[in-house]
Amino acid sequence: MRGAALLIGAILLSGCGSLASNPGADFSDAPESRARPALAIPRHASYAEALAAWRGPEDVNAWIGAEFQYDMDRAVALSETARAGQPATPIIEPAAFYARPEGVCVDLARFAVETLRRVAPELRVRYLMIEFEPASVRGQVLRRHWVAVYENADGIRVVADSKRPGIIAGPYQTLQQFAEEYARLRGRQIVHYRELDSYQRKMKSAASRQVRERLE
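For the sequence shown, the positions run -20 to -1, 1 to 196 when mature numbering (1 follows the signal peptide of the UniProt record, and there is no 0) is used.
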């Protein structure tokens, strides 16, 4: 993407440090009411068949819009508080996700990133990790959200957003432009965001990098 290989940003919309607790707000990453109906799509018997047939983001996005289901129980299990002191929970690998397209934001992002790297390697697809101010969902703290980003001739695009499955957002000239729009759309403060090659790198080293990645 344009700029440094690793882009760190922050949007300060309000004071930091408190737990978001508006009782009428939906702070989860579960889909909002679908902005557009899921479209009829060609059916493929296996992930391997889908890879052979798909040609780019539009194909992958159409499948996500038609098939993805959010797993709230898994989201709670992967929450910051539930994971504390527990063994890491595996992120669903793409073939298994295709067979049973149910999971959370990072499962969906992994599916999109790894799939697009195979069907459209020229797009330089990456993860975008977004850290919101902490919010409570079912008594558990949730803050990180994952999507996939890529760049084509007209700018940066964002895909595989569990909050808006089936939508390709953009184009944007910078990730900062997307983040400002997304913070308004979600009604949540974004503490920082970062492009990553892998979901694993951030998850393994989150504690050691947390202070360094925050903007002062």
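Every residue, glycine too, gets a C-beta built ideally from N, C-alpha and C.
Counting only runs of 4+ residues, the alpha helix (DSSP H) found wholly inside the stretch 90 to 172 occupies 155 to 166, in chain order. Pro11 and Met52 have their C-alpha atoms spaced approximately 11 Å apart.
Gly119 sits exposed, since fewer than 16 C-beta atoms from the chains shown fall within 10 Å of its C-beta. With the rule of 3 Cβ pairs closer than 8 Å, the stretch 74 to 83 does not count as touching the stretch 103 to 114. Around the beta carbon of Asp9, 16 or more other beta carbons lie within 10 angstroms, which makes this residue buried. Here Pro81 has Glu47 and Phe48 as same chain residues with Cβ atoms under 6 Å from its own Cβ, once five neighbours each way along the sequence are excluded. Listed in chain order, the alpha helix (DSSP H) elements of length 4 or more contained wholly in the stretch 9 to 43 are 27 to 33.
Here the alpha carbon of Leu31 sits roughly 20 Å from the alpha carbon of Ser178.
One thing to note: Ala163 has its Cβ no nearer than 8 Å to the Cβ of Gln156.
Secondary structure of Glu47 (DSSP, three-state): helix.
Glu60 is the residue among Glu60, Trp43, Gly167 and Ser13 whose C-alpha sits nearest the C-alpha of Val121. When DSSP states are grouped into helix, strand and coil, Glu175 belongs to the strand group. Using a 10 angstroms sphere on the CB of Gly167, the tally of other CB atoms stays under 16, which defines it as exposed.
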